[in-house]
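Here the structure is laid out as structure tokens; the discussion comes afterwards.
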Amino acid sequence: MSKKAIVIGAGFAGLSAATSLADKGFEVTVLEKNTQAGGRARVFEQNGFTFDMGPSWYWMPDVFETYFGRFGKKPADYYNLVRLDPSYAVIFGPDDAVSLPAGIEKLQAVFDEMEPGAGRRLLDFLKQAAYKYDVGINQFVWKPSRRVSEFMSLQLLSDVLRLDVFQSFASHVRKYFSNERLLQLMEFPILFLGATPANTPAMYSLMNYAEISMGTWYPMGGMHEIVKAMVKLAEEKGVTVLLNHPVKQISVTNGIANKVETYQGTFEADVVVAGADYQHVDSQLLTPEYRNYDDRYWNSRVLAPSSLLFYLGIDKRVPRLQHHNLFFDEDFGLHALEIYEKPQWPTKPLFYVSAPSKTDPGVAPAGMENLFILIPVAPDLNDPDETRERYYNIVMERLEAYVGESIRDHVIFKRSYAHSNFMADYHAFRGNAYGLANTLRQTAILKPGLKNRKVNNLFYTGQLTVPGPGVPPSLISGLVVADEVAKEFG
Ligand SMILES: Cc1cc2nc3c(=O)[nH]c(=O)nc-3n(C[C@H](O)[C@H](O)[C@H](O)COP(=O)(O)OP(=O)(O)OC[C@H]3O[C@@H](n4cnc5c(N)ncnc54)[C@H](O)[C@@H]3O)c2cc1C
């Protein structure tokens, strides 16, 4: 008889863990709260527009190859990936923007224009970053990080030193470049990790390698195509995905989680993998004696930012926009301060606009534009409609000044999304969007552990545990936890 594995949550990590467990012979049921799989990467359709609700940057295509490759498949079996060129535009002011081309030589020329000699130094920087990517993505992120001893091989220890774990990204990048704009370009991918460059270890220059050398990609149809592919693969492996099944309790007897209770019924388990937000599972689905961490622990964590999002359907094309547009036209330091040091609604926010209809005619009606606007903001803020509307107008003023035409008069669909939505939809701790920040003190064994210390058959996966936030890490997290489960219960 196969052992029964219950996976809570059908986000990337839950689906990844479920598929891998089924592949290893477990009988797997995924219990998902929402009516659609994908978690933060759900999708909705309105007025002929298809809006991806969360991730929009497809980086590290090799990780997706590895994921599908584990099961004898490749991404191309499920979706059509295109490389974006230019990769993205950075806007410094209404008449001041730079496009980042996809090829390294063209990119070097852009760097040289901003700072003489910077093109050559970019190559030096990337050489180092390539090494970090190799060690970081091919070795470190695959460690379950349950014991320090996992990192004790001589090779890995010497790698750790070469990885610049103890130097900040901000000081590392300043050894190569001094032009303020170049620094912003190089620091942008770090923002994905949820902390400031000054608080992020320099080893994360691997993100620059991912972005520049491996490229920015887009799955035609949108990011949710990845989710559809994963669900299809999971079902091919025999996984049962039950939507609209919010879990209300994990029942534990003598240190063993033997039942998972939903409003629809109770599911027996030999092993449980929780892919829902870690803090929610720990604090709300378990009785206090079985929690891995107490409130003090959670309250002392540094969360990655939350976001205020707008999904807009525009009844015309907006020629000046590219697929990805970063508005760095205000002081980054002030915005960062108001996210991390003095959490509050930002005075002058930076923001990001994605227009997937630039690449994909299928996500908007003909002659129209699909816009997704993201303003990174501190977690745990109140997000009433008036506040959302105020920020809508702040960013629209700047967006319209840049594109040189009215957009607000052409909005035929508008939906906003912020903290309270993240909490209601995903049980997100303090309304976080991307889990925990990747600071040095929240890396590897210092992250919330992937196994419960008091419940022998309860494991965690997803962006709040190892290796961290982002789509590729979430896929890896699911595979890593499935390997750990199989070692103990397979
Ligand atoms: C706005 C936004 C933009 C982003 N942009 C990018 C990007 O461009 N590129 C990138 O790589 N990453 C990006 N990310 C990060 C990436 O989307 C996440 O790291 C990743 O999707 C997290 O996956 P997960 O499986 O850990 O969690 P989730 O996607 O949150 O999945 C957890 C699932 O558990 C379910 N659940 C919760 N509670 C229960 C319960 N009690 N019972 C049953 N089910 C439950 C939830 O409904 C959810 O489906 C972005 C995230 C956001 C929010």
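All letters in the sequence shown, in the order written, are residues 914 to 1403 by my numbering. Don't be surprised by glycine CBs; every beta carbon is placed ideally from N, CA and C. Remember, it's a predicted structure, so these values are computed and weren't measured experimentally.
Option in the options with minimal Cα separation from residue i
{"i": "K1045", "options": "L1119, L1294 and G1348", "result": "L1119"}
{"i": "Y1117", "options": "S1091, A1142 and F1079", "result": "F1079"}
{"i": "D1322", "options": "F1372, M1027 and D1228", "result": "D1228"}
{"i": "L1353", "options": "N1112, Y1203 and W970", "result": "N1112"}
{"i": "I921", "options": "A950, P1382, R1094 and D1025", "result": "A950"}
{"i": "F1005", "options": "S1319, E1243 and K1255", "result": "E1243"}
{"i": "P1218", "options": "F1105, V943 and Q1192", "result": "F1105"}
{"i": "G1170", "options": "V1023, N960, E1202 and W1130", "result": "Checking the displayed sequence, the identity of residue 1170 turns out to be Ala instead of Gly. The candidate whose alpha carbon is nearest that of A1170 is E1202."}
{"i": "Y1122", "options": "R1301, D1037, V956 and L997", "result": "D1037"}
{"i": "Q1235", "options": "L994, A930, A1002 and S969", "result": "A1002"}
{"i": "V995", "options": "I1320, A1015, F984 and Y1265", "result": "A1015"}
Residue i classed as buried or exposed, judged by whether at least 16 other C-beta atoms fall within 10 angstroms
{"i": "Q1376", "result": "buried"}
{"i": "D1296", "result": "buried"}
{"i": "Y1176", "result": "exposed"}
{"i": "E945", "result": "buried"}
{"i": "R1233", "result": "exposed"}
{"i": "V1165", "result": "buried"}
{"i": "M1065", "result": "exposed"}
{"i": "A1279", "result": "exposed"}
{"i": "R1214", "result": "buried"}
{"i": "Q1041", "result": "buried"}
{"i": "E1397", "result": "buried"}
{"i": "K1271", "result": "buried"}
{"i": "E1282", "result": "buried"}
Residue span of the beta strand (DSSP E) that contains residue i, given as start and end
{"i": "L1175", "result": "It is worth fixing the name first, because residue 1175 is Thr in this sequence and not Leu. Element bounds for T1175: I1169 to T1175."}
{"i": "H1085", "result": "Note, H1085: premise wrong, no beta strand (DSSP E); alpha helix (DSSP H) at F1082 to V1086."}
{"i": "Q1257", "result": "Per DSSP, Q1257 belongs to no beta strand (DSSP E) and is neither H nor E."}
{"i": "I1288", "result": "E1282 to V1290"}
{"i": "F1223", "result": "S1219 to I1227"}
{"i": "T1153", "result": "T1153 to L1155"}
{"i": "V995", "result": "L994 to R996"}
{"i": "F1372", "result": "L1371 to Y1373"}
Per DSSP, the bridge partner or partners of residue i
{"i": "I886", "result": "The chain is shown from 914 up to 1403; residue 886 falls before or after that span and cannot be answered."}
{"i": "V1011", "result": "V1003"}
{"i": "E958", "result": "T963"}
{"i": "R1303", "result": "Per DSSP, none; premise fails for R1303."}
{"i": "H1237", "result": "S1267"}
{"i": "W1130", "result": "Y971 and R996"}
Range of the contiguous alpha helix (DSSP H) that encloses residue i
{"i": "Y1044", "result": "A1031 to N1051"}
{"i": "H1332", "result": "H1332 to Y1339"}
{"i": "W1211", "result": "D1208 to N1212"}
{"i": "Q1097", "result": "E1093 to E1100"}
{"i": "I1163", "result": "No alpha helix (DSSP H) holds I1163; the beta strand (DSSP E) holding it covers V1160 to T1166."}
{"i": "R983", "result": "P974 to R983"}
{"i": "P1385", "result": "V1384 to F1402"}
{"i": "F1079", "result": "Taken as a continuous stretch (DSSP letters only), F1079 belongs to no alpha helix (DSSP H), as it is neither H nor E."}
{"i": "I1056", "result": "A quick correction: the sequence has Lys, not Ile, at residue 1056. Premise fails: K1056 is in no alpha helix (DSSP H) and is neither H nor E."}
Three or more C-beta pairs below 8 Å linking the stretch 1372-1390 and the stretch 920-933: Result yes; three or more Cβ-Cβ pairs closer than 8 Å.
contact_flag[the stretch 1198-1214, the stretch 1314-1334] where n(CB pairs < 8 Å) is 3 or more: Taking a cut-off of 8 Å on C-beta distances, the stretch 1198-1214 does not touch the stretch 1314-1334, as fewer than three cross pairs fall below it.
At least 3 beta-carbon pairs within less than 8 Å: the stretch 1345-1360 vs the stretch 1051-1067: Output reads yes: the stretch 1051-1067 touches the stretch 1345-1360.
Cβ pair count under 8 Å reaching 3, the stretch 984-993 against the stretch 1125-1145: Result yes; three or more Cβ-Cβ pairs closer than 8 Å.
Cβ contact check for the stretch 1023-1032 and the stretch 1339-1355: 3 or more pairs under 8 Å: Note that the stretch 1023-1032 does not touch the stretch 1339-1355; fewer than 3 beta-carbon pairs, one per stretch, sit closer than 8 Å.
Touching by the beta-carbon criterion (3+ pairs, under 8 Å), the stretch 1370-1386 and the stretch 1178-1193: Using a C-beta cut-off of 8 Å, the stretch 1370-1386 makes contact with the stretch 1178-1193, since at least three inter-stretch Cβ pairs fall below that distance.
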